[in-house]
Amino acid sequence: MKKVHRFFADLSWQGKQGEILDHETVHQLSRVLRIKPGEELVILDGKGEEFRVRVFEVKKHSVTVDLLGKKAILTEPITEVVLYASVLKRESFDWAVQKAVECGVSRIVPIISAHTIKTGIKQDRLQAIAKEAAEQCGRAKVPEVSHVMGFEQALAESRACDQILFADTYLPESESMQRARRVALFIGPEGGWSDEERAQAKSAGATALSLGKLVLRGETACAIGVHLLTSSR
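Quick look at the structure:
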């Protein structure tokens, strides 16, 4: 049985016929996958609905589809997790973004902390990775990958969440965690947090979070931390 491809895309509807116009998706369908009329696709609107469609016509700048059916997507976690992740080396951070999306993260904010080695990212590239991961795992929405923030700015922004969790190493156990609708999760760099950052987080009301007795790589901590929060609440 041929795989049915899933895409996030805007559809312009006229009755039960829709048109895909955004260049990236049209190029992917026509040039990369070489989709032909008669093939079926699943189009996600990024707002919680998916549309099962059959390709009617493929042109250079558009793809026209016929609607076969639509339904609500109910895969989004109840808890919204905003991941404030210290920037890692390129391949490691790519992996962190991909797996965090697969684990249900709502938003990713790359941050620069005291022991961060790499300070630059390609935001558009990371957003594309997030989109591909969301399509692959059946998400209803594509999590936003934000611009890079400094630690203090990120900590100030995180106060808008219901709870701030500060993942750290060498903790005997996690502090008591309250049930919260929107959670900020801070994951540090390979070199760990500085003493000043720990003090600032405590002053901001952050709850210390242990991810176990072993020392995890940054990208592993991102995936485990997000999964812990989205799967247990």
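According to my numbering, the sequence shown is numbered sequentially starting from 1. Think of the CB as a built atom: it goes at the ideal place given N, C-alpha and C, for glycine as much as any other residue. Just so you know, these numbers come straight off a predicted model, no measurement behind them.
- Between the alpha carbons of L211 and L165 lies a gap of roughly 11 Å.
- Annotation: the continuous beta strand (DSSP E) that includes D66 extends over 63-72.
- About 20 Å separates the CB atoms of I112 and V81; that is not less than 8 Å, and the two are not in contact.
- In the structure shown, the three-state DSSP call for G138 is coil.
- Setting aside the 5 residues that flank it on each side, L44 is surrounded in the same chain by F8, E50, each with a C-beta closer than 6 Å to its C-beta; the list follows chain order.
- Within the same chain, I111, I112 come within 8 Å of G150 by CB-CB distance, once the 5 residues on both sides are set aside.
- In this structure the region 126-133 does not touch the region 155-163; the number of beta carbon pairs closer than 8 Å is below three.
- The secondary-structure analysis by DSSP pairs F51 across a beta bridge with I43, K70.
- The closest CA to that of L33, considering only W13, V55, Q14, is found on V55.
- Scanning the region 146-170 from its first residue to its last, the whole beta strand (DSSP E) runs of 3-plus residues come out as 163-168.
- In summary, E219 is buried, with 16 or more beta-carbon neighbours lying within 10 Å of its beta-carbon over all protein chains present.
- Pairing V65 with D10, the inter-Cα distance amounts to about 12 Å.
- In the structure shown, I121 adopts coil according to DSSP, grouped into three states.
- In the DSSP assignment, G18 forms a beta bridge with W13, V65.
- Contact check for V53 against L41 passes: the beta carbons are separated by less than 8 Å.
- According to the DSSP assignment, T79 belongs to no alpha helix (DSSP H), since it is labelled neither H nor E.
- The three-state secondary structure of I112, taken from DSSP, is strand.
- In the DSSP assignment, V183 falls within the unbroken beta strand (DSSP E) covering 182-187.
- Close CB contacts of V145 within its chain, under the 7 Å cut and outside five residues either way in sequence, are with V97, I108, Q123, L126, Q127, A130 (chain order).
- For S210, the enclosing beta strand (DSSP E) begins and ends at 207-210.
- L29 is classed as buried because its beta carbon has at least 16 other beta carbons within 10 Å across all chains shown.
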